[in-house]
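Q:
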Amino acid sequence: MATLNLLCLPYSGASAMVYSRWRRKLPAWLQVRPVELPGRGARLGEEPFTDMQALARKLADEQRLVAGAPYALLGHSLGALLAFELAHELQALGCPPPVALFACGTAAPTRREDYDGANWREPKGDAELKAELRKLGGTPQEVLANEELMNLTLPVLRADFLLCGRYAYRQRPPLHCPLHVLGGESDRANPEQLQAWGKETLGPFSLDMFPGGHFFIHEHEDAVLGLLGATLEPHRLSA
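Each residue of the sequence shown is one higher than the last, beginning at 829 in the working numbering.
1) Is Ala884 closer than 8 Å to Pro926 when the C-beta atoms are compared?
2) Tyr899 bridges to which residues according to DSSP?
3) Mind reading off the beta-carbon distance from Leu985 to Leu1007? Whole number of angstroms is fine, and I expect it under 8 Å.
4) Give the single residue among Asp988, Phe1043 and Ser905 whose Cα lies nearest to the Cα of Thr967.
5) Report yes if the C-beta distance between Ala895 and Gly903 is below 8 Å; otherwise report no.
6) Give me whichever residues DSSP pairs with Phe1033 in a beta bridge.
7) Nearest by alpha-carbon distance to Tyr995: which of Ala928, Gln881 and Ala888 is it?
8) Is the CB-CB distance between Ala844 and Pro862 below 8 Å?
9) Grouping DSSP H, G and I as helix and E and B as strand, with all else coil, what is Gly1012?
10) Output the distance between the C-alpha atoms of Glu970 and Lys853, rounded to the nearest integer angstrom.
11) Where in the region 857–913 do unbroken runs of the beta strand (DSSP E), each at least 3 residues long, occur, reported from the N-terminal end onward?
12) Buried or exposed for Glu875, please, with buried defined as at least 16 other CB atoms from any protein chain shown within 10 angstroms of its CB.
13) How is Phe1043 classed by DSSP in three states: helix, strand or coil?
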């Protein structure tokens, strides 16, 4: 049976563990490979990055062997921008393009005009970071109230928000892979901001909306995974 690697990039403050359930729920031919970022999980001892391009280059170097076999990229929120940059960096290394890029839960790189309203280009204090977590939802109140957990999470979250706040779009030739965008109907990004992702590839483009807010990928996990499996199965059969 032909297999396909699915490299999954986490959202701000998260470790690769947020995708661990997907291994049990997706078909065996789809090999879920959560990508751990420096500063969390198994890489807790490493310094987190605050420069998106530098992080994408490091990850491309680490994942270039995996990218030698058929693979897809997926990221949510911060992870979507990182997956997009990773696709470009892997291409620069001479790797084959992904069979698909899934960008979930954020505006296109060229349509981030209202994403820096809080001036996330500068480091934020703990209270501001906690307030942002509450606004986004998805973080249980007991976690926010756990000082030990917050002491581990907030430095990573601070660095991740700087990754987004300091992100600068660079004009490059479009990608050639299919680009599939997933959005939440109550999330921050509007349809125009999501549709603008289509300009980043010469390949097919699709936009699918799900009920819920920013963390629709968890709230409607089965529907999201069903879409992933159905979208990627033709690529498995043609591998």
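All C-beta atoms in this analysis are idealised placements derived from N, C-alpha and C, irrespective of residue type, glycine included. Computed from a prediction, not measured in an experiment: that's the story for all the values here.
A: Concretely, from the data shown:
1) Between Pro926 and Ala884, the gap from beta carbon to beta carbon reaches 8 Å or more.
2) Partner(s): Asn833.
3) In fact, because the Cβ distance is near 27 Å, the residues do not count as touching under 8 Å.
4) Closest by alpha carbon: Phe1043.
5) Their beta carbons are not under 8 Å apart, which means Ala895 does not touch Gly903 by this criterion.
6) DSSP, once it has assigned bridges, lists Leu1007 as partnering Phe1033.
7) Considering only alpha carbons, the answer is Gln881.
8) Closer than 8 Å, so yes.
9) DSSP places Gly1012 in strand when its eight states are reduced to three.
10) Each residue's alpha carbon lies about 27 Å from the other.
11) Correct list: 858–862 and 899–904.
12) By the 10 Å Cβ count, Glu875 comes out exposed.
13) In the structure shown, Phe1043 sits in coil (DSSP, three-state: anything other than H, G, I, E or B).
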